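Enquirer: Here you go, one structure.
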Amino acid sequence: MNYSVALIPGDGIGPEVVGAATEVLDAVGDKYGHIFNYVEVLAGGKAIDETGEPLPEESLEAVKQCDALLLGALGGPKWDTLPGHLRPERGLLGLRAGLGVFANLRPAALLPQLRFACPLKDEVLIASNSEGKPSFDLLIVRELIGGLYFGNRGRSADGNTAFDTESYSRHEIERVLRTAYTAASGRRKKLCIVDKANILESSRFWREVAADVSKDYPDIETSYLYVDNAAMQLVRAPGQFDVIVTSNLFGDILSDEASVLTGSIGMLASASLGAADSPASGNSSDKKTVMGMYEPIHGSAPDIAGKDLANPLATILSTAMMLRYSFGLEKEAAAIETAVNRVLDSGLRTKDIANRGAGTAEKIVGTKEMGQAVLKAIENI
Ligand code: NAD
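When we follow the working numbering, the leftmost residue of the sequence shown carries the number 20, and every step to the right adds one.
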C-alpha cells in the first residue's frame, strides 16, 4: 500500500530526528510491503526565513493533500524577538487548527531500561501496578482545539479585569471521547474522564455527554476523577491509569506532569488526530486513513542542534503512532516499538538517557547511530 506523508523537519534538531525516523519508516515499508511517499513542507523558523511567514498557505494545503504529517520541531532563539503573529509557534497552532486535529494523544510509559530516570520510588510504582512491577503505561488524550484556549477572552473597559472562557459543545466533547474510547479498546480497556464537575458547568456537561457515549463502549470500564485528585493520583499511583481523557487546559498540565515520570523528553512521542471523515483525511480512494499530526513532545533543542547528539527515539516512536492511528498498521507499529525496546536492551543510549555513574554496560551513541540501530533491529524482527 502507498501512503503520502507530509514532512516538516523544522528547526534545530528537527531535521536530524526526522531524518532518522524516515529511515526507520522506510525499513518498515521494505519489510511489510508499503511505500511511504514523502512531501517536504516548509513551516516554522525556516519558513519565516524563506517566505516571511511561519505557515505559508501553500504549506497547509500541501499537508492536507497527504495522509498524515510528521513534524520535528519549530522555533529557536533566532526568531524569539519577532512579534507574536510571526513567531514559529504560530505555525504549530495554524497546523493544528487547519488540520482539525482535535485529540492529542500522549503516551507516558516507564520502560524498565530507563527505570533510573523516574523520580518515583519502587514502592509507589508497585502499589498501583496489577503485575506488581515498578512501572506504568498510560495514555493521556487531551482535547486540543477547544475549551479555555479557544474561548472568548478579553479585558474590561477600565483594564482592571481579564477573563477567559471555558466552553465546549456536545460535538467537541463527543468526538474526543470517541477517540479516547477507541484508544482504550486497543489497550487495557479502562478510561478515566478527568474534570472539575464539582465546580464547573462545562465539566458537568462532559459527564452528561460521557454517560451517552459510554453506552456505545460496553466493554470499556469508565471512571471519573476531579482534576486536583488526578494530579495527585498520577504521582501517588500512576499504574492505576490506562487511558485518561480531559479538556485542553487540564490535559496540557497533566500530560506534562506524566511526562516527567518517564524521565526523558527525548523518548516521548505524540499524536494529534482529526476525524476519519475530516476534509483532510482519506485522500487515497483505496484505503481509510485518519489525518494525524505526529511529533516528539520536545522542542528544537538549539543547544545541541547539528551535533549528532539528539535522541531520535521520540520521533521514531511518533512514526509508530502514525502507523497505528492514521494507517491502522498495528503490526508495523508494534515492530517499531519492539525494535526500540531491543536497542535499549542492548545498552545503546543517547546522552540524555545514559545512566551516568551507575556502572551499567551502556554504549553512548549519536542520533545517526541510534536511528541505524533501530532500523537494523526492525530488519531482524
Ligand atoms: P527543548 O525541548 O527544545 O529543550 C529542552 C532541553 O531538552 C534542552 O536541554 C535540550 O537539549 C533537551 N532535549 C530536547 N529534545 C531532546 C532530544 N531529542 N534529545 C536530547 N535532548 C533533548 O525546549 P526549549 O529549550 O524550551 O525550546 C527550544 C525551542 O523549541 C524554543 O524555540 C521553543 O519555542 C521550541 N519548542 C518547539 C516545540 C514544537 O515544535 N512542538 C515544542 C517545545 C518547544
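By construction, the Cβ of each residue, glycine as well, lies at the ideal position given by its N, Cα and C atoms.
Note that this is a predicted model, so its numbers are computed, not measured.
Taking all protein chains shown into account, decide if residue 105 is buried (16 or more other Cβ within 10 angstroms of its Cβ) or exposed.
Expert: Taking the sequence shown and counting its residues from 1, the one referred to as residue 105 is at position 86. Exposed.
Enquirer: Would you kindly work out how many angstroms separate the C-alpha atoms of residue 242 and residue 211, rounded to a whole number?
Expert: Counting from one through the sequence shown, the residue named residue 242 turns up at place 223. Counting from one through the sequence shown, the residue named residue 211 turns up at place 192. Distance between the alpha carbons of residue 242 and residue 211: 5 angstroms.
Enquirer: So is residue 132 buried or exposed if we call it buried at 16+ other beta carbons inside 10 Å?
Expert: As a first step, residue 132 must be located in the sequence shown, where it is residue number 113. Residue 132 should be labelled buried.
Enquirer: Taking the beta carbon of residue 215 as the centre, do at least 16 other beta carbons fall within 10 Å, making it buried, or is it exposed?
Expert: As a first step, residue 215 must be located in the sequence shown, where it is residue number 196. Label assigned to residue 215: buried.
Enquirer: Please tell me whether, using a cut-off of 8 angstroms, the distance from the CB of residue 68 to the nearest non-hydrogen atom of ligand 1 is below it.
Expert: Reading the sequence shown from its first residue, position 49 is the one you call residue 68. No - ligand 1 has no heavy atom lying nearer than 8 angstroms to the Cβ of residue 68.
Enquirer: Is residue 263 helix, strand or coil by DSSP?
Expert: One-based indexing of the sequence shown puts residue 263 at position 244. In the structure shown, residue 263 sits in a strand (DSSP, three-state: E or B).
Enquirer: Under DSSP, the alpha helix (DSSP H) around residue 395 begins and ends at which residues?
Expert: Here residue 395 corresponds to residue number 376 of the sequence shown, with the count starting at 1. Note, residue 395: alpha helix (DSSP H), 386 to 398.
Enquirer: Is residue 136 near ligand 1 - that is, is its Cβ less than 8 angstroms away from at least one heavy atom of it?
Expert: On the sequence shown, position 117 is the one that residue 136 refers to. Checking the Cβ of residue 136 against ligand 1 gives no.
Enquirer: Considering only residues of the same chain and omitting the five flanking positions on each side of residue 290, which have a CB-CB separation below 6 angstroms?
Expert: Along the sequence shown, one-based indexing puts residue 290 at 271. Counting only Cβ-Cβ distances below 6 angstroms, and skipping sequence neighbours, we find 124, 311, 313, 340 and 344.
Enquirer: Measure the C-alpha to C-alpha separation of residue 200 and residue 292 and round it to an integer number of angstroms.
Expert: Reading the sequence shown from its first residue, position 181 is the one you call residue 200. Reading the sequence shown from its first residue, position 273 is the one you call residue 292. Distance between the alpha carbons of residue 200 and residue 292: 14 angstroms.
Enquirer: With a threshold of 8 angstroms, are at least 3 pairs of Cβ atoms found where one atom belongs to the stretch 276 to 288 and the other to the stretch 176 to 186?
Expert: Short answer: they don't touch.
Enquirer: In its own chain, which residues sit with a C-beta less than 8 angstroms from the C-beta of residue 337, not counting the 5 before and 5 after it?
Expert: Translated into positions along the sequence shown, residue 337 becomes position 318. Cβ neighbours of residue 337 beyond the five flanking positions: 40, 89, 288, 289, 290, 313, 314 and 315.
Enquirer: Taking its Cβ as the centre, do 16 or more other Cβ atoms sit within 10 Å of residue 318, making it buried, or is it exposed?
Expert: To locate residue 318, count along the sequence shown from 1; it is residue 299. Buried, by the Cβ-count rule.
Enquirer: Going by the beta-carbon positions, is the gap between residue 206 and residue 164 smaller than 9 angstroms?
Expert: One-based indexing of the sequence shown puts residue 206 at position 187. One-based indexing of the sequence shown puts residue 164 at position 145. No, these two residues do not count as a Cβ contact at 9 angstroms.
Enquirer: For residue 335, which of 281, 391, 347 and 202 has the nearest alpha-carbon?
Expert: Locating residue 335 in the sequence shown gives position 316, where the first residue counts as 1. If we check each option's Cα against that of residue 335, 391 comes out closest.
Enquirer: So which of 308, 28, 395 and 171 has the shortest CA-CA distance to residue 111?
Expert: Indexing the sequence shown from 1 puts residue 111 at position 92. With distances taken between Cα atoms, residue 111 lies closest to 28.
Enquirer: Check whether the Cβ atoms of residue 154 and residue 118 sit closer than 9 angstroms, and answer yes or no.
Expert: The sequence position of residue 154 within the sequence shown is 135, counting from 1. The sequence position of residue 118 within the sequence shown is 99, counting from 1. Their beta carbons are not under 9 angstroms apart, which means residue 154 does not touch residue 118 by this criterion.
Enquirer: Taking a contact to mean a Cβ-Cβ separation below 9 angstroms, would you say residue 357 touches residue 396 in this structure?
Expert: By one-based count along the sequence shown, residue 357 stands at place 338. By one-based count along the sequence shown, residue 396 stands at place 377. Yes, the Cβ-Cβ distance between residue 357 and residue 396 is below 9 angstroms.
Enquirer: Any idea which residues DSSP pairs residue 156 with across the strands?
Expert: Numbered from its first residue, the sequence shown carries residue 156 at position 137. The partner list for residue 156 (beta bridge, DSSP) reads 128.
Enquirer: Count the other CB atoms within 10 Å of the CB of residue 384; is the residue buried (16 or more) or exposed (fewer)?
Expert: Here the question's residue 384 lines up with position 365 in the sequence shown. So residue 384 ends up on the buried side.
Enquirer: Based on the DSSP output, what are the partners of residue 22 in its beta bridges?
Expert: On the sequence shown, residue 22 is found 3 positions in, with the first residue counted as 1. BP columns for residue 22 point to 55.
Enquirer: According to DSSP, is residue 115 helix, strand or coil?
Expert: The sequence position of residue 115 within the sequence shown is 96, counting from 1. Helix.
Enquirer: Which two residues bound the contiguous beta strand (DSSP E) that contains residue 241?
Expert: Start at 1 with the first residue of the sequence shown, and residue 241 comes out as number 222. Element bounds for residue 241: 240 to 245.
Enquirer: Helix, strand or coil, according to DSSP, for residue 345 in the structure here?
Expert: What you label residue 345 is simply residue 326 of the sequence shown in a count that begins at 1. If DSSP states are grouped into helix, strand and coil, residue 345 belongs with the helices.
Enquirer: With distances taken between CB atoms, is the gap from residue 204 to residue 239 smaller than 9 angstroms?
Expert: Residue 204 sits at position 185 when you count from the first residue of the sequence shown. Residue 239 sits at position 220 when you count from the first residue of the sequence shown. Yes; because the gap between Cβ atoms is below 9 angstroms, this pair is in contact.
Enquirer: Give, in chain order, every unbroken run of the alpha helix (DSSP H) that is at least 4 residues long and sits entirely within the stretch 27 to 81.
Expert: Entirely contained in the stretch 27 to 81, the alpha helix (DSSP H) runs reaching 4 residues are, in chain order, 33 to 51 and 64 to 70.
Enquirer: DSSP state of residue 171, grouped into three classes?
Expert: Your numbering for residue 171 matches position 152 in the sequence shown. Three-state DSSP puts residue 171 in coil, outside helix and strand.
Enquirer: Between the Cα of residue 353 and the Cα atoms of 342, 363 and 362, which residue gives the shortest distance?
Expert: Position 334 of the sequence shown holds residue 353. Considering only alpha carbons, the answer is 342.
Enquirer: Tell me the DSSP secondary structure of residue 89 in three-state form.
Expert: If you number the sequence shown from 1, residue 89 lands on position 70. Residue 89: strand per DSSP, three-state reduction.
Enquirer: Would you check whether ligand 1 has a heavy atom nearer than 8 angstroms to the C-beta of residue 16?
Expert: Shown here, the chain extends from 20 to 400; a query on residue 16 therefore has no answer.
Enquirer: Is residue 397 close to ligand 1? I mean its beta-carbon at under 8 angstroms from any heavy atom of the ligand.
Expert: To locate residue 397, count along the sequence shown from 1; it is residue 378. Answer for residue 397: no, Cβ out of range of ligand 1.
Enquirer: When the Cα of residue 193 is compared with those of 229, 148, 167 and 260, which residue comes out closest?
Expert: Within the sequence shown, residue 193 is the residue found at index 174, counting from 1. Closest option to residue 193, Cα to Cα, is 229.
Enquirer: When we look at the beta-carbon of residue 174 and count the other beta-carbons within 10 Å, is it buried (16 or more) or exposed?
Expert: Residue numbering aside, residue 174 sits at position 155 when the sequence shown is read from its first letter. Exposed, because fewer than 16 other Cβ atoms sit within 10 Å of the Cβ of residue 174.
Enquirer: What did DSSP end up calling residue 373 once you bin it into helix, strand or coil?
Expert: For the purposes of this step, residue 373 is taken as residue 354 along the sequence shown, with counting starting at 1. Residue state, collapsed to three classes: coil.
Enquirer: Go through its chain and collect everything with a Cβ distance to residue 45's Cβ below 7 angstroms, but skip five positions before and after it.
Expert: As a working mapping, residue 45 is identified with position 26 in the sequence shown. The answer, listed in chain order, is 55.
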